[in-house]
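J.:
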Amino acid sequence: MLNKKTLAIGMMILAAPALARTAAAQVEPGRLAQETAKEYRERARFPESSRAIKRGESDPIREKRTPTRQTMKGPDGAEPVLSVWTSKVSYEKAQPVDLFASLEMKGKAFSLGLEIEGEIADASGAIVARAVYRDDGRGPDVKAGDGVWSARLTLPEGLSSAPAESYMARVKARMLDGDLREAAGGFLVSAPAARLTGVYRDFLKDGNLVVAAEVDVTESGRFHLAGTLYSRQGEPVGWAQAAASLEPGRHWIELSYYGLIFHDRQVAGPFRLGTLSLATTGVMPNALNDLVENAHVTRAYNLRRFRDEPFGDRGFLETAKRLELDAE
1 MLNKKTLAIG MMILAAPALA RTAAAQVEPG RLAQETAKEY RERARFPESS
51 RAIKRGESDP IREKRTPTRQ TMKGPDGAEP VLSVWTSKVS YEKAQPVDLF
101 ASLEMKGKAF SLGLEIEGEI ADASGAIVAR AVYRDDGRGP DVKAGDGVWS
151 ARLTLPEGLS SAPAESYMAR VKARMLDGDL REAAGGFLVS APAARLTGVY
201 RDFLKDGNLV VAAEVDVTES GRFHLAGTLY SRQGEPVGWA QAAASLEPGR
251 HWIELSYYGL IFHDRQVAGP FRLGTLSLAT TGVMPNALND LVENAHVTRA
301 YNLRRFRDEP FGDRGFLETA KRLELDAE
């Protein structure tokens, strides 16, 4: 039976933000609590709006915008397996949607004697479009006969008045012998109410590096901006986010990169704003603008001008302390 101490530790761990818990079920509560406390202390070094990216870690923005393959096997796990994916996670309205599929046997894709079709359904399940996949080297299909099947479609206008709508691509692959494989993947279609103008500036403020991006707002709303800075060596070093409620017109949104980031990574610029993500928020799902890459290059700065003290987030530190006491 669980005692109160074990239960309390478990509740705090469940509330932890995206912490590593790969083998949580096999780790004793005390050790797991200590590991979670360590993660909280690391998070406390930076404000919620900014953090360092450790060497070897991936760009969090690019990671979120990378499509995931959805794979389904046949009955009882039989091969071949069908994988489906899209070229992007989100498309802006009127953009063509590129769909992909592959059928693999023992890890090798094949295309002979195969028909692949898909139907696009909205959130209610209604079919709004159909697609025929081809492996002929035309359109979005890069190479004929390579086993990667492709289809390009433009959704009809007027499907939804919402800022963003989720759609599902339900795909069927039929082989010569009549064997059938089915899989489904999703994508978002957005009509964002603001756009980046392509004008940027960077400066120091309170020991932090600020990168300001100009946005052109067409409808009143709340907007979220996030950006990842890269070093001259091409490595992601820091991430920042900001949100603002804005009226129509041109405005600046400032991303503040906490100074300790640059001391941790021992870099002082110039920095490249490698990925930049703008979204119209307030209604789910959020309306996503296309990802902007290599938007801006900052000046070089003196490392000593960046603040080097930890932020000291009180909430994270207090939670870490409670976990450490419970782990004793």
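Sequential numbering of the sequence shown, starting at 1, is according to my numbering. Note that CB positions come from ideal geometry on N, CA and C, so glycine has one too.
May I ask which residues mark the beginning and end of the alpha helix (DSSP H) holding residue 315?
T.: Note, residue 315: alpha helix (DSSP H), 314 to 327.
J.: Quick check: the Cα distance between residue 316 and residue 323, rounded to an integer number of angstroms?
T.: 11 Å
J.: So what's residue 224 in DSSP terms, helix, strand or just coil?
T.: strand
J.: Could you pull out every residue in the same chain whose Cβ sits closer than 6 Å to the Cβ of residue 230, ignoring the five residues on either side in sequence?
T.: 236, 272, 274
J.: Can you tell which of 282, 197, 293, 195 has its C-alpha closest to the C-alpha of residue 65?
T.: 293
J.: Considering only residues of the same chain and omitting the five flanking positions on each side of residue 245, which have a CB-CB separation below 6 Å?
T.: 222
J.: Would you tell me roughly how many angstroms separate the C-alpha atoms of residue 256 and residue 216, rounded to the nearest one?
T.: 20 Å
J.: When DSSP labels each residue in this structure, what does residue 263 get in the three-state scheme?
T.: helix
J.: In terms of residues, what are the limits of the beta strand (DSSP E) holding residue 80?
T.: No beta strand (DSSP E) contains residue 80, which DSSP labels as neither H nor E.
J.: Quick one: any contact between the segment 166 to 181 and the segment 205 to 214, if contact means 3 or more CB pairs under 8 Å?
T.: no
J.: Does the segment 169 to 176 come close enough to the segment 94 to 105 to have 3 or more Cβ pairs within less than 8 Å?
T.: Verdict: yes, contact present.
J.: Suppose you measure from the CA of residue 306 to the CA of residue 207; what does that come to, to the nearest Å?
T.: 4 Å
J.: I'd like the span of the beta strand (DSSP E) that includes residue 120, first residue to last.
T.: In the DSSP assignment, residue 120 falls within the beta strand (DSSP E) that extends over 114 to 121.
J.: Checking 8 Å against the spacing of the C-beta atoms, do residue 167 and residue 189 come in under that value?
T.: yes
J.: Quick check on this structure: which residue in 35, 92, 59, 109 has the alpha carbon closest to the alpha carbon of residue 157?
T.: 92
J.: If you count every other CB in all the chains shown that lies within 10 Å of the CB of residue 280, and 16 or more means buried, which is it?
T.: buried
J.: How should residue 311 be labelled, buried or exposed, when 16 other C-beta atoms within 10 angstroms of its C-beta is the threshold for buried?
T.: buried
J.: Which runs of the alpha helix (DSSP H), 4 residues or longer, sit entirely within the segment 35 to 62?
T.: None, since the segment 35 to 62 contains no complete alpha helix (DSSP H) of that length.
J.: Is the distance from the Cβ of residue 195 to the Cβ of residue 289 below 8 Å?
T.: A distance below 8 Å separates the beta carbons of residue 195 and residue 289.
J.: I'd like the list of long-range same chain contacts for residue 268, defined as Cβ closer than 7 Å, with 5 residues on each side in sequence excluded.
T.: Contacts found: 262, 300, 301, 302, 303.
J.: Closest to residue 95 by CA distance: which of 107, 152, 260 is it?
T.: 152
J.: On a Cα-Cα basis, can you pick out the residue from 199, 59, 187 that is closest to residue 121?
T.: 187
J.: Let me confirm a value: residue 123 is counted as buried when at least 16 other C-beta atoms fall within 10 Å, else exposed. Which label applies?
T.: exposed
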